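In the UniProt record's numbering, the protein residues as written are 1 to 544.
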């Protein structure tokens, strides 16, 4: 392994960190040293300005007092000949500039430093005659410390280069080369001869490389021991695998035999299930046929009842027409013979009015019966949703069942808060529900010639229509209440009970009308059926 080709070398990173810190420290020390030299040079300039005040104030004061401005200018020029002074300005006591020489700075901040002092005409400094301002700039100070700055920078560069070279050599000797030899030895370890592949690179076992080498050798020894144990385990596993393989083969043979038997059983059960499915399908078909037959039987009973009801008004109409024809024939004979008297004609008119009124009432009764039958019969054969008055519809249904109702002594009473209750539902299905409930009550709730009272009540709660059908008949047991909606369950099959009437009602209410029906009954106290359905079945189903 080529150690020099390693990316992100730790030794290079460490060397970079050390040199970076050293460079920062060296730079900081150099800047501090230069700042000290700069401040020292600046202090020297300020000392020169103070010394110039002491030297030239006594020379400038007499010349300014004598208004010898030429001599003042000569003195000023001699002052700026000093390298530390860049310019001089002399003003009279009225702040009027008398002499200026060198470089003057309008803003005092533009000068590195300046010094001003007053001029007096006497030695007691009581008579002020003017002011002098001396200016010094940065050029002199920079030029004076340049040699020191160059020397400091050169010294720092030499030290940095020397330290970099020395640290690089030390790192190479103490870290890079030993690590390279250690990595090379580790890469040459033979997994098949671990005991002969121990690393012997580090000379000092107590330094970091020695500790690392010792840890690697320990790992090699443990790995060799683990390989030995693994080899023993593998040999043991091979024998176990051979034994288990033989056992597995025996198990597979047994499983194959069991699978064959299981397949035979599955095939037999599939045939049985298919036979059961066929039987169930036939039973469902038979149930559908029975339900349809029950509906047709109900409709046939309805037709028979209506036919019986129509016979009476039609018979009356036929009798009236026959009598009317006989009367007309008699009047015609009298008229043809010229024997028709006024009393005969008046009697004929009176009888004609009575007969026409009787015939009209009988035919109107027959027409009403036909209308009710037509409405109920058509709705029972059609399954369309429409709006209708359920109170009037119940009355029409009961009219079509009038023949059966007249044969019993049970009184049916309709109760509702309003005379009209409009719903949007299946009218034919409601006719089936009303018919089955009434027939079920007549068959099961009362004995023959027994009197009774049945209350049919309608009311609404929110968006629901609630219809209760309550009789005061025999009632039923708890067992009958649990089974009453089961298909083919009846307690009076001898008197025409098919066991499908209540099942048809249950399916219509729960499946078709998305409602529910409950029954409550006690023996000897009667039975109550409560039906709850949406008032508007179309909106309810669209909302779902």
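By construction, the Cβ of each residue, glycine as well, lies at the ideal position given by its N, Cα and C atoms.
Given the structure is predicted, the values throughout are model-derived calculations rather than measurements.
I need the boundaries of the beta strand (DSSP E) containing residue i, first residue and last residue.
i	result
residue 460	451-461
residue 485	Run containing residue 485: none; DSSP gives neither H nor E here.
residue 133	128-136
residue 439	No beta strand (DSSP E) contains residue 439, which is instead part of the alpha helix (DSSP H) from 427-440.
residue 547	Not covered by the structure: residue 547. The range shown for the chain is 1 to 544.
residue 552	Nothing about residue 552 can be read from this structure; the chain reaches only from 1 to 544.
residue 468	464-471
residue 415	409-416
Tell me which same chain residues have a C-beta within less than 7 Å of the C-beta of residue i, skipping the five on either side of it?
i	result
residue 427	379, 386, 388 and 393
residue 56	75 and 79
residue 480	491
residue 334	340 and 344
Can you tell me whether residue i is buried or exposed, with buried defined as 16 or more other CB within 10 angstroms of its CB?
i	result
residue 111	Its pLDDT being 48, under 50, residue 111 is placed unreliably by the model, and the measurement read from it follows with that caveat. Flag for residue 111 reads buried.
residue 45	buried
residue 445	buried
residue 84	buried
residue 476	buried
residue 241	exposed
residue 337	exposed
residue 122	exposed
residue 517	buried
residue 252	exposed
residue 145	buried
residue 490	buried
residue 236	exposed
residue 63	buried
residue 567	Outside the shown range of the chain (1 to 544) lies residue 567, about which nothing can therefore be said.
residue 43	exposed
residue 94	exposed
residue 521	buried
residue 425	buried
residue 179	buried
Taking 7 Å as the threshold (C-beta atoms), are residue j and residue i in contact?
i	j	result
residue 533	residue 513	yes
residue 134	residue 49	yes
residue 41	residue 141	yes
residue 537	residue 429	no
residue 454	residue 484	no
residue 226	residue 30	no
residue 423	residue 531	no
residue 92	residue 130	yes
residue 412	residue 469	no
Taking only the alpha-carbon atoms, compute the straight-line gap between residue i and residue j and give it to the nearest angstrom.
i	j	result
residue 174	residue 38	43 Å
residue 76	residue 159	48 Å
residue 80	residue 136	10 Å
residue 456	residue 466	11 Å
residue 124	residue 52	20 Å
residue 246	residue 254	13 Å
residue 220	residue 16	34 Å
residue 21	residue 164	12 Å
residue 576	residue 232	Given that the chain is displayed from residue 1 to residue 544, the structure contains no residue 576 and the question cannot be resolved.
residue 321	residue 343	22 Å
residue 399	residue 434	12 Å
residue 318	residue 329	16 Å
residue 447	residue 420	34 Å
residue 327	residue 439	46 Å
residue 272	residue 543	44 Å
residue 69	residue 47	27 Å
residue 545	residue 19	Residue 545 is absent from the structure shown; the chain starts at 1 and stops at 544.
residue 61	residue 116	14 Å
Which residues in the same chain as residue i place their Cβ atom closer than 8 Å to its Cβ, once the five residues preceding and following it in sequence are excluded?
i	result
residue 436	298, 501, 502, 504 and 505
residue 416	391, 457, 458 and 459
residue 109	In this prediction, residue 109 has a pLDDT of 47, which is less than 50 and means its spatial position is unreliable; nothing more can be read from the coordinates.
residue 168	15
residue 524	474 and 475
What do you reckon, is the C-beta of residue i under 6 Å from a heavy atom of the ligand COA?
i	result
residue 410	As presented, the structure is devoid of all ligands, the ligand COA included, so that no description of it is given.
Grab me the residues of residue i's own chain with a C-beta within less than 6 Å of its C-beta, minus the 5 sequence neighbours each way, in chain order.
i	result
residue 526	471, 472, 473 and 475
residue 89	100, 104 and 133
residue 148	37
residue 408	442
residue 462	none
For the alpha helix (DSSP H) containing residue i, list its first residue and its last residue.
i	result
residue 78	69-80
residue 538	537-543
residue 518	No alpha helix (DSSP H) holds residue 518; the beta strand (DSSP E) holding it covers 516-522.
residue 395	390-400
residue 87	Not the alpha helix (DSSP H): residue 87 falls in the beta strand (DSSP E), residues 87-92.
residue 504	501-507
Does any residue of chain D have a CB that is nearer than 7 Å to the CB of residue i?
i	result
residue 442	This model lacks chain D altogether, as it is built from one protein chain only.
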